[in-house]
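Enquirer: First the structure, then my questions, so here it is.
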Amino acid sequence: MVRLNPIPGPSGRLLSSTLPNQREKKTPSPVTVGVLTTANKKGLPGGEKQRLLKEMVDYGKKQNIFIFFFFAQGVNWRKRRITGYVWTGKQWRKGLFLFPDIIYNRIRFRNIESQARVKQLLRQFERDPSIYLFNSRFLNKWEVYKALRIKKSTAKWLPETVRFNHKSLTTMVKKYPAVFLKYSYGSLGKGIIKVKRLSDNQFAYAVAKKGGSKWKKCSSPNTLYRQLHYLSENAYLVQRGIDLARYKGKIFDLRTQFQKNRAGEWVLTGVAVRVAGKNRFVTHIPNGGRAAAYNDVMNEVFGSTSLTRRQVDEQLEQIRSIVPTALEKELRLCLAVLSLDIGVDKNGRLWIIEINSKPASFDENEIRTAHWQNLMDYFIYVNENRTRGR
Ligand SMILES: Nc1ncnc2c1ncn2[C@@H]1O[C@H](COP(=O)(O)OP(=O)(O)O)[C@@H](O)[C@H]1O
Ligand SMILES: [Mg+2]
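Per the numbering used here, the sequence shown starts with residue 524, numbered consecutively.
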């Protein structure tokens with residue numbers, strides 16, 4: 524294993540000595556960022572496509588930001604050293620690094636993040652005054668709902684949600700024409716169940732499946748509960764179903780991303796649309812969904828010059844200015860990247876369906892470029908503010 528200095532030389536090349544030489548001293552000292560991730564099958568940084576990790580490094584280099592990747596087991600707390608990986612532009616190199624200025628948690632698997640030693644490590648980073656940890660953990664749907672329902676200004680964006688049990692299911696299916704059951708820790712549309720009320724005492728439900736869903740009928744809320752009682756009462760939620768607007772006859776939702784920028788303020792990175800497959804009630808691409816452009820869809824659905832169309836943008840702006848900050852405050856988390864799944868109902872009203880602290884990367888190049896730019900800007904912001912505070 525090579526022993527690398529985490530400080531890149533003027534050309535961005537890695538040094539093998541531990542102290543910067545005279546020439547490096549003249550260049551402003553770079554921000555160092557450690558990205559906590561998980562290994563792929565080859566034991567190299569994984570959790571997302573390699574291309575994305577390389578893109579991140581390239582964007583960093585341009586702005587004198589040095590990025591390395593590491594796994595929880597690579598941290599030697601006593602010596603304050605981390606065994607990690609750098610992308611040199613040609614290959615991955617393993618090295619030993621000093622603790623970085625900033626740590627970004629990009630562990631993409633809940634079962635890894637919830638391991639006792641990983642949780643312990645994240646707590647240690649959080650408490651360490653010389654390290655700035657952000658997006659420290661996954662969110663779950665129930666805590667997000669509880670955090671945002673406190674204030675009217677954030678509660679108004681949320682479809683009513685309750686924890687799943689016999690009583691709450693009965694109340695919700697009687698109250699709303701459609702409800703969604705979802706696992707608080709779920710993702711990718713897995714385990715989502717839709718329940719429709721067909722008449723006063725006729726219900727139908729279906730589980731979202733890759734190949735499409737089969738609807739099953741029930742003649743009362745009791746029989747419905749009996750069929751669904753296998754769902755965990757601690758972890759399943761019942762949510763009011765939003766009567767979503769349709770694009771070419773199919774439902775869609777908005778995938779938005781919000782990030783902190785160079786001034787530490789939340790900005791809208793971008794918004795894309797995911798259109799569900801025919802007769803599907805989840806929009807995820809593995810479930811037959813496809814990507815579409817926000818303006819195209821909104822203009823077609825609501826008319827490009829209509830008041831409703833303008834109000835959709837205005838609502839997005841309201842969400843941007845209120846929701847991420849409120850979430851950080853209520854959950855006492857330091858967040859800098861969030862994705863929000865937002866439903867648009869037939870009247871053009873926006874509803875927050877889910878908030879994610881480990882957003883998947885966007886396929887839309889424009890949004891991804893904006894994402895990298897905001898992320899680098901945020902690193903610079905954090906670094907400047909830390910230096911000032913010292
Ligand atoms: N309350 C709801 N009303 C209408 N559609 C919903 C609702 N909740 C979820 N959906 C649909 O199911 C999809 C997945 O729900 P979501 O809560 O984002 O869970 P996941 O974690 O699986 O992404 C959404 O993108 C949307 O298409
Ligand atoms: Mg979602």
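We put the beta carbon where it would ideally sit given N, CA and C, even for glycine. Computed from a predicted structure; not experimentally measured.
By alpha-carbon positions, which one of Gly-734, Val-824, Trp-895 ends up nearest to Gly-772?
Expert: It is Val-824 whose Cα lies nearest to the Cα of Gly-772.
Enquirer: On the DSSP letters alone, give me the boundaries of the alpha helix (DSSP H) that Phe-698 sits inside.
Expert: The amino acid occupying residue 698 in the given sequence is Lys; Phe does not appear at that position. Run containing Lys-698: 689-698, per the alpha helix (DSSP H) assignment.
Enquirer: Pick out the complete beta strand (DSSP E) segments inside the segment 845-903, 3 residues or longer, and give them in chain order.
Expert: Complete beta strand (DSSP E) runs here, min 3: 860-867, 873-879.
Enquirer: Mind checking whether the beta-carbon of Val-835 lies closer than 7 Å to any heavy atom of ligand 1?
Expert: It does not: the Cβ of Val-835 is nowhere closer than 7 Å to a heavy atom of ligand 1.
Enquirer: By Cβ distance, which residues of its chain are closer than 8 Å to Thr-889, with the 5 residues on each side in sequence left out?
Expert: Checking the sequence, you will find Glu at residue 889 rather than Thr. Answer for Glu-889: Gly-793, listed in chain order.
Enquirer: Give the straight-line distance between the Cα atoms of Ala-815 and Lys-565, rounded to the nearest whole angstrom.
Expert: Each residue's Cα considered, the two are about 34 Å apart.
Enquirer: Excluding sequence positions up to five away, which residues of its chain have a Cβ less than 7 Å from the Cβ of Leu-919?
Expert: Nothing can be reported for residue 919, as the shown portion of the chain is limited to 524 through 913.
Enquirer: Are the segment 843-858 and the segment 671-682 touching, with three or more C-beta to C-beta distances below 8 Å?
Expert: Taking 8 Å as the limit for Cβ pairs, the verdict is that the segment 671-682 does touch the segment 843-858.
Enquirer: Quick check: the Cα distance between Thr-746 and Thr-779, rounded to an integer number of angstroms?
Expert: Using only the alpha carbons, I get a separation of about 38 Å.
Enquirer: Would you identify the three-state DSSP class for Thr-606, choosing helix, strand or coil?
Expert: In this structure, Thr-606 counts as strand in the three-state DSSP scheme.
Enquirer: Report yes or no: do the segment 756-765 and the segment 698-710 share at least 3 C-beta pairs separated by less than 8 Å?
Expert: At 8 Å Cβ cutoff, the stretches touch.
Enquirer: What three-state label does DSSP hand Ser-707 in the structure shown?
Expert: If DSSP states are grouped into helix, strand and coil, Ser-707 belongs with coil.
Enquirer: On the criterion of 16 or more Cβ atoms from any shown chain inside 10 Å, does Arg-660 qualify as buried, or is it exposed?
Expert: Buried: at least 16 other Cβ atoms inside 10 Å.
Enquirer: Rounded to the nearest angstrom, what separates Gln-545 and Glu-840 at their Cα positions?
Expert: With a pLDDT of only 39 at Gln-545, under the threshold of 50, the placement of this residue in the model should not be trusted, and no figure is reported.
Enquirer: Given 7 Å as the limit, tell me if Arg-763 has its C-beta closer than that to any heavy atom belonging to ligand 1.
Expert: Answer for Arg-763: yes, Cβ within range of ligand 1.
Enquirer: Check each candidate in Ser-742, Thr-606, Arg-769, Arg-650 and name the one with the smallest Cα separation from Asn-802.
Expert: That would be Arg-769, whose Cα lies nearest to the Cα of Asn-802.
Enquirer: Alpha carbon to alpha carbon, how far is Glu-547 from Gly-811?
Expert: Here Glu-547 scores only 44 on pLDDT, less than 50, and its place in the model is too uncertain to base an answer on.
Enquirer: Counting C-beta neighbours from all protein chains within 10 Å, is the total for Lys-737 16 or more, i.e. buried, or is it exposed?
Expert: The residue in question, Lys-737, is exposed, as its Cβ has fewer than 16 Cβ neighbours within 10 Å.
Enquirer: Determine, using beta carbons only, whether Ser-710 and Asn-724 come nearer to each other than 8 Å.
Expert: For Ser-710 and Asn-724, no; Cβs fall outside 8 Å.
Enquirer: Ligand 2: which residues have Cβ under 6 Å from any of its heavy atoms, chain order?
Expert: Listed along the chain, these residues meet the criterion: Asp-864, Glu-877.
Enquirer: For a test of your reading of the model: does the CB of Leu-767 fall under 7 Å from any non-hydrogen atom of ligand 1? Yes or no.
Expert: Flag set: Cβ of Leu-767 near ligand 1.
Enquirer: What distance in whole Å lies between the Cβ atoms of Gly-712 and Ala-731, which are believed to be in contact at a cut-off of 8 Å?
Expert: Yes, Ala-731 and Gly-712 are in contact; Cβ-Cβ is about 5 Å, under 8 Å.
Enquirer: Rounded to whole angstroms, what is the Cα-Cα separation between Asn-587 and Ser-552?
Expert: Between Asn-587 and Ser-552, the C-alpha separation is close to 8 Å.
Enquirer: Quick one: is the Cβ of Pro-553 within less than 7 Å of any heavy atom of ligand 1?
Expert: Pro-553 Cβ: outside cutoff for every heavy atom of ligand 1.
Enquirer: What residue ranges within the segment 742-794 form continuous beta strand (DSSP E) runs of no fewer than 3 residues, ordered along the chain?
Expert: Fully enclosed beta strand (DSSP E) runs of 3 or longer: 759-763, 773-783.
Enquirer: Taking just the CA atoms, how far does Gly-866 sit from Arg-832?
Expert: Each residue's alpha carbon lies about 14 Å from the other.
Enquirer: Could you tell me whether the segment 614-627 touches the segment 648-667, where touching means 3 or more Cβ pairs closer than 8 Å?
Expert: Segments in contact, yes.
Enquirer: Nearer than 7 Å: is that true of the beta carbon of Gly-709 relative to any heavy atom of ligand 1?
Expert: Yes, the Cβ of Gly-709 comes within 7 Å of a heavy atom of ligand 1.
Enquirer: What is the DSSP secondary structure of Lys-548, counted as helix, strand or coil?
Expert: The predicted model places Lys-548 with a pLDDT of 45, which falls under 50 and marks its position as unreliable; any figure quoted below should be read in that light. DSSP places Lys-548 in helix when its eight states are reduced to three.
Enquirer: Would you say Phe-657 and Ala-859 are within 8 Å of each other, going by their C-beta atoms?
Expert: The answer is yes: Cβ separation under 8 Å.
Enquirer: State buried or exposed for Thr-560, treating a residue as buried only when at least 16 other CB atoms are found within 10 Å of its CB.
Expert: Burial call: buried.
Enquirer: Taking the continuous beta strand (DSSP E) assigned at Ala-670, which residues delimit it?
Expert: Segment 664-672 is the alpha helix (DSSP H) holding Ala-670; no beta strand (DSSP E) there.
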